[in-house]
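First the structure, in the form of structure tokens, and then the observations on it.
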Amino acid sequence: MTTVSRAWSRLTLPGKLIFTLIPLLAALTVGLLVALLLIGPFVWTFLTDNLPLVRFVIAATAVLLMSIPTAFIIIYMEMKIIAQMNLRIGPDRVGPYGSLLSVVHGLKVLVKEDFTPTGADTPVFTLAPVVVYLGAVMSLMVIPFAPGLFGQDFNIGLLYFFAVGGLSVVGLMMAGWSSYNKYSLLGGLRSAAQVISYEIPLTLSVVGLLMLAGTMSLNTIVLNQSGSILDWYIFRQPLGFLIFFIAATAEANRTPFDLTEADSEIVAGFATEYSGMRFGFFFFAEYVGVFIVSAMTVTLFLGGWNAPFDWPWPITVNPDPGSLGILLLILIGVVPVLSTLAFAAPFWLLRSNMPGWQALIIGFVISNLVAVAAVLGWAFISFDWVVGLLWFMLKTYAFVFTFVWMRGTLPRVRIDQLMGFAWKWLLPASLLNLFVTAGALIVLNR
Amino acid sequence: MTTSHEGPRLRQQSQDDPRVMLDIDAGAFEPVPPYPPRTEREAEFYTLGDGEMFLNMGPQHPSTHGVLRIVLKLNGEQVVDLDPVLGYLHRGVEKISENSDYHHIVNQLDPLEYVSALFNEWAYVMAGEKLLDLQVPRRAEYIRVLSSELLRISSHCLFMGWFALDLGGLTPVLWSFIERDEIVEMLGALTGARMLFNYFRFGGVNGDLNHEFMSRLGSWMSRAASHVEANTGLLNENEIFVRRSRGLGVVDRETALRMCMTGPNLRATGVPFDVRRAHPYSVYPELDFDIPTRSEGDSLARYLLRVDEIRQSLRIIDQCLHQMPDGPVMAKIPRKITPRPGRAYAAVESPRGQYAIYMMSDGTDQPFRLRIHDPSFLHLQSVGLLMPGNLVADTMAVMASLDPVMGGVDK
Chain P
1 MTTVSRAWSR LTLPGKLIFT LIPLLAALTV GLLVALLLIG PFVWTFLTDN
51 LPLVRFVIAA TAVLLMSIPT AFIIIYMEMK IIAQMNLRIG PDRVGPYGSL
101 LSVVHGLKVL VKEDFTPTGA DTPVFTLAPV VVYLGAVMSL MVIPFAPGLF
151 GQDFNIGLLY FFAVGGLSVV GLMMAGWSSY NKYSLLGGLR SAAQVISYEI
201 PLTLSVVGLL MLAGTMSLNT IVLNQSGSIL DWYIFRQPLG FLIFFIAATA
251 EANRTPFDLT EADSEIVAGF ATEYSGMRFG FFFFAEYVGV FIVSAMTVTL
301 FLGGWNAPFD WPWPITVNPD PGSLGILLLI LIGVVPVLST LAFAAPFWLL
351 RSNMPGWQAL IIGFVISNLV AVAAVLGWAF ISFDWVVGLL WFMLKTYAFV
401 FTFVWMRGTL PRVRIDQLMG FAWKWLLPAS LLNLFVTAGA LIVLNR
Chain G
1 MTTSHEGPRL RQQSQDDPRV MLDIDAGAFE PVPPYPPRTE REAEFYTLGD
51 GEMFLNMGPQ HPSTHGVLRI VLKLNGEQVV DLDPVLGYLH RGVEKISENS
101 DYHHIVNQLD PLEYVSALFN EWAYVMAGEK LLDLQVPRRA EYIRVLSSEL
151 LRISSHCLFM GWFALDLGGL TPVLWSFIER DEIVEMLGAL TGARMLFNYF
201 RFGGVNGDLN HEFMSRLGSW MSRAASHVEA NTGLLNENEI FVRRSRGLGV
251 VDRETALRMC MTGPNLRATG VPFDVRRAHP YSVYPELDFD IPTRSEGDSL
301 ARYLLRVDEI RQSLRIIDQC LHQMPDGPVM AKIPRKITPR PGRAYAAVES
351 PRGQYAIYMM SDGTDQPFRL RIHDPSFLHL QSVGLLMPGN LVADTMAVMA
401 SLDPVMGGVD K
């Protein structure tokens, strides 16, 4: 034993790590494999018997994982677009055209010091970002991104969306109260008042649409709008669309209703005392909220994943690689090399000081891009869900652009003007919309 | 955190690091001074009513115009009372000037209203010229007027951008800073510095107009009017902006006169008082311009009035360029300036109001006393009258519409 202990004490720290962790990992792997072999069949039968559960787990994981790149993209979009509106450039150093800046911000937020202010209510303080983020991300489950591509198709999907949207209010109030800071308190109370006031016109403006559609299931609502562009509900419920859009801007705490985070008055509102990943959660939750609100507008009023026009000519592509036989093997060997050389040749010929290997690399990259574009095009033509997804994303990001545009242009509304607007203007307008729709339905006997 | 002369009360060991002793009041900062109230007003302010709380918009804040501390007494979201605490930028300029030569003081007075620095120098130089009995050449006077009106436009552009920023609009700041940058580059070509110019001298200005300044000025003047229209067009018709600033911080004539408001803040209440017309100085009697006046007295009126003033300044610049006489730009003055013993008061119309210098000289080459009369300081006194009844969000908007510059307030 003394030999072992003497050898052990002569090891440095990395050595000790290696000699403990690797055997541990090996043991764990072996144990896992044995466990899998033993209980594997039972797990497999369990999963195949409960396919909806598996589907739900996969969907929830996908939604959680998808929300973060979406937030990154929207953050970058906002920085660049507002910069262009301000006649600036915006981020342009970190990646090509500054596109990796959001990723770097995300990493920065992870490594910042994570502290709780003295006097803060620690469990509430810690849970508030979680609640806000969940309230944002859970809504992504019901949004139909493409035909067949949605998390769950509740038949009360719309109600679920509003319910979960109200969850973030609790999180904001928790953040404002537990920070032990008057600025945060003001911000939290303002945000609670704002979100609660605007939930009512938000919900009421959609009831007219519900009467037209006859269902709360978002998938069915989108299917109702398939056909032509005139089937989209925006043409049948224009006032509803307008009210929904305005109320949704207020729900998402975006300018001109962003007084919860009005950084010229109450520094950062409810998030003043938050740093590091906790603040990152609030930050991401806001941008995921922008995405959700845009997606919901598109789903309800603009036809979801429906294309506004059909291709005027029929396109079908039915590749049949098996019929080529041995030619396929030859093509697989020859085509990449040929395309690399073909794309490299112009660069090498026209730029006399470019070394050959650089031109070859450029050719390789371009031929890969062309191949990816070809595959995407084939997927676009052949698969329904690719087309649907593309149209959905285009429309949603058009609305995200509108939100960013409003942030860059409009000043902020005061809290009493905001409440007055909600209660005195939006609520009667949404009721009017409701009555007119109901009356029209009765008169037209639908 | 509490500024107590006994030092913080260390009672509690920190949970995270046992070597650190925590201030027992950590996290419980109340902006109440640690001494008993010295005046009636302090006593009245620092006693909380029912349901009221203090909120400290401290010296570090994204939108106080410099280092200004405001203690608000709030009832929920409504401001009940307000106490501005000044002095965070006090540099002792008046005392330093008592020990400086008359030449040096021109440079020291620049950072007072750093946004519009030439006006600070102008009042001082005029006071000195009264005591030295100097006659400033006409070309120098015209150059003074030209550069000062350019700076007035630049300062009002900054105001426009800042006002919109405090209301939440991110874009107008950057657009008006384009204007400001062009003007400041122009003046940099003329004077050698972009912000703290050190340009005026007793008896004239430091250097004549040069080619670069004239070419920049010419190219800017051709675009100036349309740029101003574009920048204001973003805000004037904006429903949110108008609704937030109309009826906000209303000052009536009597209050304004009682609180010694001058400049655009006074003219927005209907009193057509402009130092350039009331107590004319330099060559303003020869120039033809109007004094815009509005009668509502709210923030929107103050904003629109400053936009009108930009247009009037453009007219003045135009006339200066056409009527510029030839001649020297500096009178003959001795190297060591010793004005006759006496007192002189000189006031100019700065973009913020009436800016004046009261100079007392005792015959030596250092002034005996230099009293700086700054308009922003007086406007801040009236903030306590304008704010109560408004919401917290409006605090910053009213402050921005009064356009204070903390360099001048704290001197």
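Read top to bottom, the protein sequences are chains P and G.
The opening residue of the first sequence carries number 1 in the working numbering; numbering runs sequentially from there.
The opening residue of the second sequence carries number 1 in the working numbering; numbering runs sequentially from there.
For glycine and all other residues, C-beta sits at the position ideal for the given N, C-alpha and C.
The beta-carbon of residue 400/P is placed no less than 9 Å from the nearest beta-carbon of chain G. In this structure, the CA atom of residue 243/G is about 16 Å from the CA atom of residue 424/P. Of the candidates 173/G, 206/G, 316/G, 336/G, 206/G places its Cα closest to the Cα of residue 189/G. Put simply, the CB of residue 53/G is near chain P, with a gap under 9 Å to one of its CB atoms.
Under DSSP, residue 350/G takes part in a beta bridge, and its partners are 353/G. Using a CB distance below 7 Å, the part of the segment 403-417 of chain P facing chain G consists of 408, 409, 410, 411, 412, 413, 414, 415, 416, 417, ordered along the chain.
In the structure shown, residue 56/G falls within a strand segment according to DSSP collapsed to helix, strand and coil. Around the beta-carbon of residue 191/P, 16 or more other beta-carbon atoms lie within 10 Å, marking it buried.
Between the segment 98-113 of chain P and the segment 160-168 of chain P, the count of C-beta pairs closer than 8 Å stays below three; the two stretches do not touch. The criterion of a C-beta distance shorter than 9 Å is satisfied by residue 119/G and residue 349/G. With 16 or more other CB atoms across the displayed protein chains lying within 10 angstroms of its CB, residue 143/P is buried. In this structure, residue 333/G keeps its C-beta atom at 9 Å or more from the C-beta atom of residue 357/G. For residue 75/G, the enclosing beta strand (DSSP E) has its first and last residue at 69-75. Taken in chain order, the segment 133-164 of chain G contains no complete beta strand (DSSP E) segment of 3 residues or longer. A residue is called buried when at least 16 other Cβ atoms come within 10 angstroms of its Cβ; residue 355/G meets this threshold and is buried. One thing to note: residue 297/G has its Cβ no nearer than 9 Å to the Cβ of residue 375/G. For the segment 175-209 of chain G, the beta-carbon criterion of a distance under 8 Å to any beta-carbon of chain P is satisfied by 175, 178. Residue 240/G places its beta carbon less than 9 Å from that of residue 410/P. In this structure, residue 80/G lies away from residue 56/G, with their beta-carbon atoms at least 9 Å apart. Those residues of the segment 265-279 of chain G placed with their C-beta closer than 7 Å to a C-beta in chain P do not exist.
Judged by DSSP secondary structure, residue 64/P falls within the alpha helix (DSSP H) whose first and last residues are 51-85. Sixteen is the threshold: since fewer than 16 other Cβ atoms of the shown chains lie within 10 Å of the Cβ of residue 44/P, the residue is exposed. Counting only runs that start and end inside the segment 123-178 of chain P, the alpha helix (DSSP H) elements of at least 4 residues fall at 157-178.
Sequence-ordered contacts of the segment 231-257 of chain P with chain G read 255, 256 [C-beta pairs closer than 8 Å]. For residue 282/P, the CB contacts under 7 Å within the same chain, skipping 5 residues up- and downstream, are 129, 132, 271, 274 in chain order.
Boundaries of the alpha helix (DSSP H) around residue 318/G: 299-323. Using a Cβ distance threshold of 9 Å, residue 393/G and residue 163/G do not count as a contacting pair. Per DSSP, the unbroken beta strand (DSSP E) holding residue 82/G starts and ends at 78-85. Sequence-distant Cβ neighbours of residue 294/P in its own chain, meaning closer than 6 Å and more than five residues away, are 396, 399, 400. DSSP places residue 18/P in the helix class (H, G or I) of the three-state scheme. Sixteen is the threshold: since fewer than 16 other Cβ atoms of the shown chains lie within 10 Å of the Cβ of residue 229/G, the residue is exposed. From the beta-carbon of residue 243/G, the residues of chain P found nearer than 9 Å are 413, 414, 417.
By the neighbour-count definition (other C-beta atoms within 10 Å, threshold 16), residue 95/G is an exposed residue. The segment 128-147 of chain G and the segment 281-298 of chain G touch, with no fewer than 3 CB-CB distances between them shorter than 8 Å. Between the alpha carbons of residue 238/G and residue 172/G lies a gap of roughly 12 Å.
Apart from sequence neighbours up to five positions away, no residue of its chain approaches residue 185/G with a beta-carbon distance below 6 Å.
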